[in-house]
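Chains as they are written, first to last, in numbering that gives the first Met the number 0: chain A, 0 to 534; chain B, 0 to 279; chain C, 0 to 314; chain D, 0 to 285. We put the beta carbon where it would ideally sit given N, CA and C, even for glycine.
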Amino acid sequence: MKWDREKFLNSIGFLLLAACFAYSLVKIAQRRSAEQDKSVTTIRFAHWQLEAGTKAALDAVAAEYIKKHPKVKIDQILIPERVFATWLTTRLVGGNPPDLVALGFGITDDRMARYFTPLSEEVVKPNPHNAGTALEDVPWRDTFIDGLASAPGLFNLFEYYGIPCSMVTTRLYYNAPLFEKVTGSKVPPATYEELTEVFEAVRVYNEKGGNLVAIAGSKYNSPVLMNALFAAQTQKLNLELDRRRVMRFAGAPYPAFFDGSFDLFSPAIRSALELSREIGKNMPQGFLSLAREDATFSFVQQRSLMIATGSWDVQSLRQESSFEVAAIRFPLPSRQNPQYGAYTLGPGSEAETGGAVNFGLTRDAPNPEAALDFLKYLTSIEGNRIFSEKSNWLPSIVSVPVPEAIAPFAPVSEGYPSGFILEWTGGPEVKRIYENAFHRLVRPDGGVDQFLEYFEPRYAQAMVLDMELTIKNGLRTLSMQDTTWIALRALEQGGDPRSGAKAASLQEVQAIGENSYYSRRYDLDEFEKKRKTAK
Amino acid sequence: MSAKPTAKRVKSEWPKHLVVLLLLGIELLPFYMMLQISVKNNAEFLNHPWLPLPPAGWHWSNLVEGFQLIFPYIANTVFVAVLGTVCTLFLAILGAYFFARYKMPFSNFFWAFFLFLMLMPGVANIVPLFSLLKSMSLLNSLWTLVLLAVAGGQVFNIYVLRNFIEDIPKDLFEAAEMDGASHFKQIINVVIPMSGSIIGTLAILSFIGQWNDFLMPLLLMRDKELFTLGVGLIYLDGEYIKQWGKIMAAFLVASAPLLIMFLFTMKLFVRGLGGAALKG
Amino acid sequence: MSRPISIRKALLEWRLYLFIIPSILFVGTFSYFPAISAVYHSFFDWQGGDSKQFIGLANFKKIGGDTVLWASFGTIGILVVANVFKLIPSILMAVLIHRLKSDKWQYWYRVLLVVPMIVPGLVTLFIWKFFFDPNIGVLNQVLDATGLKSLLVMVDSFFKWGIFQDGMPVAWLSDPNLILPSLIIWGFPWIGAVGVLIYLSGLQAIGTEIYEAAELDGAGSWQQFLHIEFPLIMTQVRLSLVLMIIGTLQGFGLQMLLLGTSGGPEGRGMVPGLWMFNKAFVAGEFGYACAVGILLFVFILGLTYLNNKYVRVDK
Amino acid sequence: MIRGTRNFLALTVLLWVGTVTMQAEPAVSEKSATTVISAAQQAWDDAAKLLINDANRKFQEAGAMPGVESREIELGEATTLLSVQPKTGSNIARAETLLKKIIAENGSDETAITAKYLLARIPQIHLVVRDEKLADERFTTLIEEHPAHPLAQTALVKRGLIRMYSLTDPATLAERYAVAAKESGNLTGPDARRDYFLLLSDVSIKTSKPPEVTLGHLFEVEKAGNLRDRALADLYVQIAEFARVAGQHDVVVLYYTKFTGRFKRDSRRYYIEEKLAALRSGGVAP
């Protein structure tokens with residue numbers, strides 16, 4: 000009897016499985032590839048912006064576009080960041096990419112040139128979707144806030160490959176009602192000095208039984224704020240080291256380190272490290288092992304008063320929070336600050352904020368004309384306004400008003416050239432030892448000296464390795480440019496003036512690149528010679 | 000099939016149960032967490048991460064949403080997982096039998112061929128594979144996923160199975176051979192019954208692997224209609240503010256069919272095949 | 000071990016080759032790309048994109064001076080040794096289950112073992128991170144509640160480690176000295192469901208009469224384990240050992256998720272696999288990463304060989 | 000893949016049509032020449048778009064056509080071979096052979112001059128083991144044989160880099176800089192002149208020359224012209240800042256005014272405007 004029951008149960012299992020399988024077979028057999036309606040054009044575009052509201056906003060733009068073009072269908076393809084590069088590579092190599100692709104992950108200059116259509120001839124024509132507006136006769140390029148100055152591909156390939164539909168900035172968000180409760184004031188901190196008062200208020204609040212972290216931290220969010228403060232501390236140092244006097248960050252500490260005019264004991268670096276430590280104290284302990292979603296979660300659940308992140312998170316944070324979320328620029332030490340004021344110029348300028356979410360048109364696009372037209376609509380006054388309002392992302396087009404909800408995110412041009420962070424003084428090796436040493440800076444019993452004790456002895460070797468890598472990569476670019484340049488010259492002699500212009504630009508770029516390649520090699524050799532004789 | 004108890008051993012039974020249950024309890028903690036978080040929202044989860052909510056406060060909507068997310072992919076997933084698992088194991092058993100039965104000429108060479116692949120850590124480069132599949136016109140088809148599952152599963156499964164088949168007493172094979180059984184018959188009558196439970200374990204592993212895989216479907220399928228449920232799950236995982244309740248609910252819904260299926264088929268793997276037929 | 004066979008017999012048994020050919024074809028066609036590509040690219044200066052330059056053995060020469068890589072082999076060595084011990088609980092669990100008199104319970108325990116396998120790794124990771132969290136984590140709460148913390152602090156002040164201090168939560172994943180211990184504690188009590196199932200499959204071969212005979216001889220349960228059960232599952236133990244060694248040496252997912260691509264504080268969590276990943280995806284030196292991969296391959300091959308040679312199966 | 004095949008098919012059809020028409024009617028034989036030229040144009044176009052391997056294949060196919068004057072095709076093949084992926088020593092060696100052949104056939108036409116330029120570039124940056132001494136010699140030959148040609152002018156810049164940084168004759172960078180500064184008169188082409196003075200300005204800074212010297216080089220760069228926006232912005236700032244160090248305050252005002260007039264969206268703008276206001280109100284720039 001028992002045997003039978005067992006047998007029965009066993010067969011139920013397999014019958015179930017067989018039934019499921021049969022069902023799936025039937026389902027799969029029934030599915031015919033969707034009837035291709037020839038009169039309907041499907042535009043596909045792909046990106047990785049999974050933040051709340053972005054998909055809906057782009058769908059809203061698409062819906063508005065379809066109202067005007069009923070014979071068009073628009074398909075939005077969302078691919079998560081961590082697989083985007085792989086996904087895109089296979090699509091491009093396989094020759095079946097979507098029409099429009101967000102440029103970023105998995106894109107290099109040669110891929111861009113190979114798989115995307117240059118839009119240089121398009122950007123000088125007015126955008127037809129701006130007809131009847133003030134921008135009616137303005138070339139498409141000049142309707143962008145940054146004039147497409149930072150368009151992908153422009154710097155090395157001398158063509159426009161990507162069209163941005165937004166811009167991004169970073170801010171310090173805070174929980175407004177909680178802020179008032181903790182500090183007793185509605186006015187957010189404008190300077191670092193005021194921020195320390197907030198820290199103090201949080202401490203008092205916790206003493207009275209609260210359980211609040213001042214700033215939510217994670218390996219993603221913490222550097223956003225810390226780097227901004229660090230870079231403000233090194234503004235004057237950067238100008239001192241900048242012997243070429245270009246007055247911006249152009250890798251000055253790199254050669255300065257090799258000729259001995261820069262080391263880690265510079266008072267500005269110490270001060271910047273000290274400041275990082277102060278900030279770190281007000282983040283949860285062990286924040287370096289927390290992830291982005293942990294910090295966001297802590298903020299949304301009111302365990303943290305503030306969080307530093309980009310404008311891309313504003314919609315998610317507002318949607319998930321039961322309280323009012325406000326945002327301010329990073330509160331920096333003022334020039335009057337007795338401890339930190341001596342090294343800073345003031346808040347960094349955001350004048351060069353470039354376009355973000357750049358869409359490129361693929362060469363193998365099934366519907367290039369339709370897709371280009373949709374892209375033009377997305378970056379017209381009307382389309383970009385819809386996008387910006389629905390997503391709470393900044394617009395990229397000049398006369399589109401910044402929605403009131405994101406007014407604090409609009410780039411501020413009044414500010415000073417930025418300094419640098421330690422990771423920028425080198426490459427991957429410096430970054431690695433910096434990350435290895437960082438816990439010494441922020442842990443309760445750590446400090447600047449403990450940090451330097453580990454970091455400094457390893458710094459020279461890391462700089463050498465990074466310099467070697469930079470030189471190697473520089474050489475690779477230079478040698479590739481030779482072929483392109485000769486080809487452009489040949490085309491120019493064949494009677495193509497545009498190629499001539501590009502050849503001239505490439506010659507300039509190669510000259511500047513080769514200058515720095517040789518100069519770096521020289522610096523490194525001299526440094527190694529010095530090291531050898533020192534030994 | 001297993002040891003029959005003697006009077007002595009019966010007495011000391013309960014401490015064993017206790018230890019096993021304790022260990023299993025810890026092992027099952029993730030499952031418990033998945034269950035109880037799946038009906039919470041983020042605030043509830045944060046305030047009471049460990050304890051379940053009273054049933055009245057459950058957010059059934061999480062499970063409903065999870066179901067809506069998973070359901071469209073079920074048919075494809077079952078298709079790929081079932082076919083993938085069956086074919087993988089079928090070929091792997093044949094292969095393992097080849098290695099385990101005799102030391103055939105070249106068998107060492109073939110073995111090295113497999114071992115090399117298993118030991119070599121590759122910097123994943125999927126593009127050549129993609130180009131190959133494209134040139135074979137294998138893109139955008141569920142059969143390709145089955146094919147890749149079979150190819151990807153061979154090395155590991157053959158490696159494990161070989162060890163087990165080698166352990167089967169040789170006289171069993173010889174007896175079968177005397178009766179005039181072909182090699183295929185020997186596999187059916189000797190190998191499968193004798194290694195039923197390891198085959199079952201491998202089948203479960205392979206099935207789960209197919210069930211949750213997201214990369215290959217995402218890369219190889221152009222049509223959304225051909226995705227399997229792993230693809231649905233990564234969208235949840237990729238979001239920047241995690242809705243833990245919804246994520247757990249989706250995971251739960253996604254693994255429920257597996258659970259039901261295993262509950263019903265385990266018996267076969269555990270003893271249905273192994274016991275009766277050939278007890279030495 | 001498989002039996003040697005004479006050529007003549009082998010010719011008669013030619014049909015056996017039909018059994019292996021499909022697998023070979025499948026693997027050769029679809030699975031061999033990463034391995035071949037790694038070998039090929041280890042001779043190139045390659046950034047992972049379309050452009051690469053042939054540089055002969057330069058990548059391999061560079062390995063010699065790579066202090067980070069060699070240090071990472073030390074770390075992985077410790078982890079491998081720790082993982083050998085972490086195999087024990089699964090073996091004990093399998094033996095315990097096997098010795099249960101009731102078929103029914105045995106069956107249900109096996110079913111319960113399968114359940115954790117279907118829980119996605121993300122959930123487990125999530126729980127363990129919660130466990131180790133310095134501020135709200137369970138581990139620190141347990142240490143505090145049981146008074147173990149004060150014991151640790153006492154030991155600490157005696158040895159002057161500076162790791163455990165009063166009034167300061169233990170920073171499990173951000174103190175360099177605790178990285179390896181944390182990685183080793185991870186997964187406690189280290190029951191691998193697959194491992195237990197595999198051992199159980201091996202134990203099935205034990206007939207009742209063996210136990211009876213043993214008991215007549217007056218063997219205690221420890222002796223039974225040593226003389227009956229353990230020898231019988233040697234094949235499975237060796238199998239687990241090989242799979243564990245391969246998995247540990249190639250693995251780096253946990254380290255990367257918890258500590259990032261730099262190996263965490265003072266790089267104590269840097270393992271060869273993670274270094275390979277770092278070189279490829281952070282520094283863009285894919286060619287070098289491939290060369291590191293080959294070195295790792297040779298290393299694993301050596302260990303597998305030793306394992307096969309010295310962990311003997313005698314029955 | 001498919002695109003490659005399509006191109007290949009198109010080319011085959013073209014060649015076939017070309018061959019057939021040539022055989023049928025000798026009168027239109029120029030047509031085949033045009034076909035070859037357009038094939039070459041297409042290949043150059045691919046190379047300019049970084050489709051190096053495609054370009055190289057097209058050149059090879061065009062080169063295989065019978066009865067075609069092949070110097071340009073050979074040059075194209077050699078040029079692309081330098082960057083064909085994967086980059087190998089044998090490709091570079093083949094490119095070198097081709098270039099030498101082109102030069103041997105006729106040493107003075109445009110194709111040969113380009114070949115000479117590339118021949119010098121090979122030991123400079125294309126070989127894994129560089130030989131900059133050889134590169135220097137080859138550049139020198141090119142410069143002596145065709146002093147006014149734009150490529151010879153560019154060669155002066157590239158050779159300048161080698162002599163400045165790599166060769167140790169004279170021994171110190173400062174001495175080498177002095178030699179190079181004296182030779183700047185040889186530069187007549189505007190682009191090459193610009194690049195040469197960019198080099199001189201960098202080295203003058205490296206060797207701590209007085210700001211007036213650097214300023215002189217920077218003015219030369221500006222005079223030569225043809226800088227793109229980003230580099231031009233840097234140049235204006237550099238001129239103004241070195242002038243500030245040199246105490247030439249009207250130059251500072253002039254170049255800062257030029258800068259603010261032209262570069263609206265630059266992170267230095269606000270700071271520079273602040274400095275300008277201070278200068279104009281009679282103070283000293285901070």
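Query	Result
On the DSSP bridge assignment, give the partners of residue 317/C in chain order.	The displayed coordinates of chain C run from 0 to 314. Any statement about residue 317/C would go beyond what the structure contains.
Going by CA-CA distance only, name the one from 144/A, 530/A, 494/A and 342/A that's closest to residue 40/D.	494/A
In this structure, how does DSSP classify residue 167/B when only helix, strand and coil are distinguished?	coil
Can you list, in chain order, the residues of its chain with a C-beta nearer than 6 Å to that of residue 82/B? Leave out the 5 residues immediately preceding and following it.	145
Throw me the rounded Cβ distance for the residue 226/A and residue 432/A pair, which I believe falls under 8 Å.	17 Å between Cβ atoms; not a contact.
Is the beta carbon of residue 152/B sitting closer than 8 Å to the one on residue 194/B?	no
Between the beta-carbon of residue 286/C and the beta-carbon of residue 58/C, is there less than 8 Å?	yes
Helix, strand or coil: how does DSSP classify residue 3/B here?	Because residue 3/B carries a pLDDT of 45, less than 50, the predicted location of this residue cannot be relied on, and the following value inherits that uncertainty. Note: residue 3/B maps to coil in three-state DSSP.
Give the range of the alpha helix (DSSP H) segment to which residue 383/A is assigned.	380-390
Using 8 Å as the limit for Cβ to Cβ distance, is residue 262/B near chain C?	yes
Starting from residue 197/A, follow the alpha helix (DSSP H) in both directions and report where the run begins and ends.	191-206
List the residues of chain B that residue 22/A touches, going by C-beta distances under 9 Å, in chain order.	73, 74 and 77
Which residues share a DSSP beta bridge with residue 453/A?	DSSP, once it has assigned bridges, lists no residue as partnering residue 453/A.
Select from 93/D, 135/D, 195/D and 183/D the residue whose C-alpha is nearest the C-alpha of residue 506/A.	195/D
When burial is assigned at 16 or more other CB atoms within 10 Å of the CB, is residue 338/A buried or exposed?	exposed
Please specify which runs of the alpha helix (DSSP H), each continuous and at least 4 residues long, are wholly inside the region 92-156 of chain C, giving them in chain order.	102-117, 120-131 and 137-145
Would you mind telling me which residues of chain C sit closer than 7 Å to residue 448/A, beta carbon to beta carbon, in chain order?	Within 7 Å Cβ-Cβ: nothing; residue 448/A doesn't reach chain C, min ~15 Å.
Can you list the residues of chain A that residue 156/D reaches, using a CB-CB cut of under 7 Å?	510
Closer than 8 Å, CB to CB, is residue 182/B near chain C or not?	yes
Per the contact definition of three or more C-beta pairs closer than 8 Å, is the region 85-101 of chain A in contact with the region 139-147 of chain A?	no
Would you please verify whether the beta carbon of residue 42/B is less than 8 Å from any beta carbon of chain A?	yes
For residue 37/A and residue 60/B, I'd like the C-alpha separation in whole angstroms.	40 Å
List the residues of chain E whose Cβ lies closer than 8 Å to the Cβ of residue 123/C, in chain order.	Protein chains A, B, C and D are contained in the structure displayed, whereas chain E is not.
Compile a chain-ordered list of the residues in the region 37-53 of chain C whose CB is closer than 7 Å to at least one CB of chain D.	43, 49, 50, 51, 52 and 53
Looking at the structure shown, is residue 24/D part of a helix, part of a strand, or coil, going by DSSP?	Reliability of the predicted coordinates at residue 24/D is poor, the pLDDT of 37 falling under 50, and the value obtained from them is presented with this limitation in mind. Three-state DSSP puts residue 24/D in coil, outside helix and strand.
Against chain C, does residue 127/D count as a neighbour if the rule is that its beta carbon must be under 8 Å from one of theirs?	yes
Looking only at its own chain, which residues have a Cβ that is under 7 Å from the Cβ of residue 331/A, when we skip the five neighbours before and after it?	190, 191, 228, 231, 343 and 346
Can you check which of these residues, 524/A, 418/A and 215/A, is closest to residue 303/A by C-alpha distance?	215/A
Check distances from the C-beta atoms of the region 70-102 of chain A to those of chain B and list, in chain order, the residues that come in under 8 Å.	77, 78, 79, 80, 81, 82, 85, 86, 88, 89, 92, 93, 94 and 95
Output the distance between the C-alpha atoms of residue 115/A and residue 235/A, rounded to the nearest integer angstrom.	41 Å
Rounded to the nearest angstrom, what separates residue 166/C and residue 274/A at their Cα positions?	24 Å
Using beta-carbon positions only, say whether residue 47/C and residue 292/C come within less than 8 Å of one another.	no
Spatial neighbours of residue 45/A within its chain, please: CB distance less than 7 Å, with the 5 preceding and 5 following residues excluded, ordered by chain position.	76, 78, 97, 100 and 101
Assign residue 125/C to one of two classes, buried (16 or more other C-beta atoms within 10 Å of its C-beta) or exposed (fewer than that).	buried
Could you confirm whether any beta carbon from chain D is found closer than 8 Å to the beta carbon of residue 457/A?	no
Roughly how many angstroms separate the alpha carbons of residue 208/A and residue 199/A, rounded to a whole number?	15 Å
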